[in-house]
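Protein sequence lines correspond, in order, to chains A and B.
If you use UniProt numbering, the first sequence corresponds to residues 1 to 797, in order.
If you use UniProt numbering, the second sequence corresponds to residues 1 to 141, in order.
Written out below as structure tokens is the structure these notes cover.
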Amino acid sequence: MTLLHIAVFLPILIIPFIPLMYKYIHRVHTGWFVMLVPLCLLILFASYYPLELSLDPQLHSVAWIPSFNVHFTIYLDSLSLLFALLITGIGTLVVLYSIFYMSMEREKLHFFYAYLMLFMTAMLGSVLSDNLIVLYAFWELTSVSSFLLIAFWYHRKKSRYGAQKAMIITMTGGFAMLLGFIILYVAGGTFSIRELIAMGDQVSQHSLFLPAMFFILLGAFTKSAQFPFHIWLPDAMEAPTPISAYLHSATMVKAGVYLVARLTPIFGIQVEWFWTITIGGIITLFVGSFNAIRQTDLKALLAYSTISQLGLIMSLLGIGSLALHNPQADNTILFAGATLAAMFHLINHSIFKGSLFMVVGILDHETGTRDIRRLGGLIHLMPVSFTITMIGAFSMAGLPPFSGFLSKEMFFTGLLSASSALNNGFVILPIVAWIASILTFVYCMIMIFKAFAGTYQPERLDRKPHEAPIGMLISPILLAALVIVLFFFPNLIATSLLEPTVKAIIPQAFTSGMVWHPHIQAWHGFNTELFMTIGVVVIGSLLYINYKKWRNFYEAMTFKHSLSHIYDRGLLGMERLGTKVTRFYMTGSLNHYLSYLFVFLIVMAGGSMIVNQAYFFDFSRNSPIESYEIVLGLTMVTAAIYILFSKSRLISIIAVSVIGYIVSLFFVIFRAPDLALTQLVVETISTALFLLCFYFLPKVSKNLSTLTFRLRNAIIAIGVGLTLTLIGLSAQGHHVFEPISDYYKNSYALAGAKNMVNAILVDFRAFDTMLEIVVLFSAGVGIYTLIKLRHAGRKDQ
Amino acid sequence: MKFTDVYLQTTTKIFVFIIMTFSIYVLFAGHHNPGGGFIGGLITASSLVLLYIAFDLQSVRDIIPVDFNQLAAAGVILSVLTGTASFLFDVPFLSQAFTYVNLPILGKTEIASAVIFDLGVYFAVIGTTMTIITSISEDKK
């Protein structure tokens, strides 16, 4: 257990205190306390910056399930540090912003911040763990916590829909990813990412290496909203705006990018990796920017723009992986530049998109709408918000003097170098990217000018707009300032953060002792990239001015042609199919259900015994049967036969419990006091339960059933009895293995327990016991809710 | 349902204490003798059932104002927490430890972390069993 382990769990550890603060401290907004957590974590992670290149990265391990090679290993290199800084840095600003956004009186803040902290731990764990299984656990925790956050206003139908959609899509990808991880484990014999990278050649020899790659990419693509899985992100915008700013632009959607970057050393050498990621990224870039323009809701516009920017980063990572293919130094530097651009744009995107989301939240908060058809002319009323929007959107459009310009130019460079390196006419990549950049420019202009310029229509707004309170503006102002600082001083992070990060993503490219020090500069001469940017601005401006003329083009595409529609139809179809299948066998008759169970038992257990010739009787080693055992056995048989012909429920129950008590007597005779005690108590309680349940039921009527019904039941009953007797006798006859009791003879030495049964329960197999009581508990909760909620529902009617 | 049976009620009053004392003995004796959290919990639950049968739901609820749902949850959480506590000592999940100390009156006594785990099991079993039994017996048509 080290400081970094505690750091990962710190947000979860403070969750119990959040409701207390919310409940008992009314004068101070709960967010102020919560903000301390990401702030402390930010300071902690910043203290590791810059990681010295000469030193080994931080590595701390705690055993979790050592027998399966699952260790909670923290691995802090530049790549994880970059993400940790983003998570905690943007996290601090978002919490600060939410203090002014979320009303203390109206919202359930303790839930909000608890989910947010859960998410923060999940995200930190995902980017810091070296073990694939631990990574997967945290990865799914991000899905769960984002589900809770998206559905935060759960009384809205759209929130619930969006949360469910995000959960279904990202978790499906998550399961595929787990499958990929397990294949990697089979291939390499370890879950540790570092060790897998070290044995790269051996792993890539495995026959299932490519399927593993695609399964893992499925996880990364669903999480990072890549085409065609991007459909969940716009619906996730139903979450409160601080959440959108945090999860859906800065952190969670970047988890897929992180995974791709982290696993590039393992998979990057495969050409399929390059093609899948680059083409997937370019398509996403295009689809996202294409759809963003038609949006009238500012948040939806930002959602699609996030999709497109994530596609951009992905495609850059794909191009960067080419550095592992061509060992020549020139190419390596070019492709390392693409990876550098990916990481640089990742930072830029988090910063400008975070500030843009916050401004949209401010607009929503101050005017009551996010619809650009109703907004307009706010420039004089909200000058600060306008300035922030302009900085953020110009950075997104890739214009100087904003940091987005730098990474955009590097993006063009990367694409051009990729198409020239492949030199078989793949100019299509830069062309599509260029068109997408024009579309990006157009929607950035829409965002700025539709909302702030134009005519002011106060009659269309719910509230009288005015500038937001200063507290709400601090976070976006800081982020916007960072956008400008990074433009003028990009080399502040270029050598200390980006360079080691690139070396962590494509380490094999630098093994030959190649010297490479990146230097980002705004002015790079009159080259193709600059002309491309000028083209973007010119054509983009023309398109924006004439937007009304070509807008009808979008009208042709209705909802019916969209992927979301297919998703909805698919979900509905599955529901219908499920209902049909369930209706077929869920008849509502307990008799039928028991018949299924018993027939299944007879066929599977009895059938397999006959097929395998497993029945075998050997009575020679049995101890002699005492006379009192015969008496007890006969009593049991009598009680059993009595049940068959009994007409009273109460007496039947008592007869059943007679059998149970005699079984416990047998346990006493055969010296199993633990079992005897348990059997006695269970028998007592279940008899009492039965008596309670059956007390009010009518007497068993004589003409209950037809002859065929009883005949069928009799056959099944005899079948079950025969099968179980056969199994019991055969088990007695076989002595294939050593008795298991020998293994537990050292229970006193190992667990200090003289009672072997108890030592098994609480020491050797405590995990079983723990899950057993969890199962028991869930059963109890199930029964409780079934009975209580039925009454509650009736009251509502 | 409400029975008024004087014999039952009088004997119950005495027996419940005996049964409960026994159940606590069984809980702590579990490490060396027959017993443990599971049986202990069931015995306690059975004594409570006896109370419910002798008196009625409401009066027992007044005497023992315990929310069994919460008790069950607390038990499960306690067990899980004893498991995670092992992380503090850098050992795998659910590692148990034991030691011997000399206590006044009791003499040389074993202190085992497994007992805390067992206590969680004990609470979970009581809570769950009683939740099921009370909700079924409260159920009206």
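Even for Gly, the Cβ is constructed at its ideal location relative to N, Cα and C.
4 or more residues per run - each alpha helix (DSSP H) lying fully within the segment 392-446 of chain A:
403-422, 428-445
Residue 20 (chain A) by DSSP, collapsed to three states: which one?
helix
Specify the secondary structure class of residue 873 (chain A) as computed by DSSP and reduced to three states.
Only positions 1 to 797 of chain A appear in this structure, which leaves residue 873 (chain A) out of reach.
Between residue 335 (chain A) and residue 431 (chain A), what straight-line distance do the alpha-carbon atoms span, to the nearest angstrom?
Residue 335 (chain A) and residue 431 (chain A): Cα-Cα distance of roughly 19 Å.
As assigned by DSSP and simplified to three states, the class of residue 96 (chain B):
coil
As assigned by DSSP and simplified to three states, the class of residue 595 (chain A)
DSSP places residue 595 (chain A) in helix when its eight states are reduced to three.
The segment 206-224 of chain A in contact with the segment 256-268 of chain A per 3-pair CB rule at 8 Å
yes
So, using beta-carbon positions, are residue 241 (chain A) and residue 414 (chain A) closer together than 7 Å?
no
Kindly indicate which three-state DSSP category residue 69 (chain A) falls into: helix, strand or coil?
coil
Can you tell which of B:53, B:98, B:38 has its C-alpha closest to the C-alpha of residue 748 (chain A)?
The residue from B:53, B:98, B:38 with its alpha-carbon nearest to that of residue 748 (chain A) is B:98.
Helix, strand or coil: which one does DSSP assign to residue 60 (chain A)?
Three-state result, residue 60 (chain A): strand.
Rounded separation between residue 71 (chain B) and residue 77 (chain B) - CA only:
Spanning the two alpha carbons is a distance of roughly 10 Å.
On the CB-based measure, 16 or more other CB atoms within 10 Å of its CB, does residue 141 (chain B) come out buried or exposed?
With a pLDDT of 48 at residue 141 (chain B), under the threshold of 50, the modelled position of that residue is not reliable, and no figure is offered here.
Integer Cβ distance of residue 339 (chain A) from residue 121 (chain B), believed to fall under 8 Å:
Contact flag wrong, Cβ pair sits at about 53 Å.
According to DSSP, is residue 5 (chain B) helix, strand or coil?
Coil at residue 5 (chain B), not helix or strand.
Apart from the five residues on each side of it in sequence, which residues of its chain come closer than 8 Å, Cβ to Cβ, to residue 34 (chain A)?
Excluding five sequence positions before and after residue 34 (chain A), the CB atoms of its chain that fall closer than 8 Å to its own CB belong to 14, 18, 95, 113, 116, 117, given in chain order.
Please classify residue 353 (chain A): is it buried, with 16 or more other beta-carbons within 10 angstroms of its beta-carbon, or exposed?
Around the beta carbon of residue 353 (chain A), 16 or more other beta carbons sit within 10 angstroms, so the residue counts as buried.
By the 10 Å Cβ neighbour count, where 16 or more other Cβ atoms means buried, how is residue 370 (chain A) classified, buried or exposed?
buried
Short of 7 Å Cβ to Cβ, which residues in the segment 757-775 of chain A face chain B?
From the segment 757-775 of chain A, only 758, 761, 762, 763, 766, 767, 769, 770, 773, 774 have a Cβ closer than 7 Å to chain B.
Buried or exposed, going by whether 16 or more other CB atoms sit within 10 Å of the CB of residue 238 (chain A)?
buried
Taking the alpha carbon of residue 81 (chain B) as the point to measure from, which residue in A:776, A:295, A:767 has its own alpha carbon closest?
Among A:776, A:295, A:767, the Cα nearest to that of residue 81 (chain B) is on A:767.
Candidates A:297, A:298, A:308: closest to residue 279 (chain A) by CA position
A:308
When you compare only the Cα positions, how much space is there between residue 806 (chain A) and residue 110 (chain A)?
Since the first and last residues shown for chain A are 1 and 797, residue 806 (chain A) lies out of range.
Under 7 Å between C-beta atoms of residue 92 (chain A) and residue 39 (chain A):
yes
So within the segment 42-124 of chain B, which uninterrupted alpha helix (DSSP H) runs reach at least 4 residues, ignoring any that extend past its ends?
57-63, 68-85
Which whole runs of the alpha helix (DSSP H) in the segment 438-499 of chain A are 4 residues long or more, in chain order?
Secondary structure in the segment 438-499 of chain A: the alpha helix (DSSP H) runs of 4 residues or longer, each lying completely within the stretch, are 470-488 in chain order.
How would you call residue 797 (chain A), buried or exposed, if buried means at least 16 neighbouring beta carbons within 10 angstroms?
Unreliable positioning characterises residue 797 (chain A) in this predicted model, as indicated by a pLDDT of 44, which lies under 50. The coordinate reading is nonetheless provided below. Exposed: under 16 other Cβ atoms inside 10 Å.
May I have the straight-line CA-CA distance separating residue 631 (chain A) from residue 640 (chain A), to the nearest angstrom?
Cα-Cα distance, rounded: 14 Å.
What does the alpha-carbon distance come out to for the pair residue 683 (chain A) and residue 67 (chain B)?
25 Å
Could one say the Cβ of residue 143 (chain B) lies closer than 7 Å to chain A's Cβ atoms, at least one of them?
Residue 143 (chain B) cannot be examined here, being either before or after the span of chain B that is shown, 1 to 141.
What's the call for residue 291 (chain A), buried or exposed, on a 16-neighbour Cβ count within 10 Å?
buried
Any chance you could list the alpha helix (DSSP H) runs of at least 4 consecutive residues sitting entirely within the segment 259-320 of chain A, in chain order?
Within the segment 259-320 of chain A, the complete alpha helix (DSSP H) runs of at least 4 residues are 271-294, 298-320.
So is residue 218 (chain A) buried or exposed if we call it buried at 16+ other beta carbons inside 10 Å?
Result: buried.
Mapping DSSP to helix, strand and coil, what is residue 506 (chain A)?
coil
Across which residues does DSSP place residue 371 (chain A) in a beta bridge pair?
DSSP lists A:297 as partners of residue 371 (chain A).
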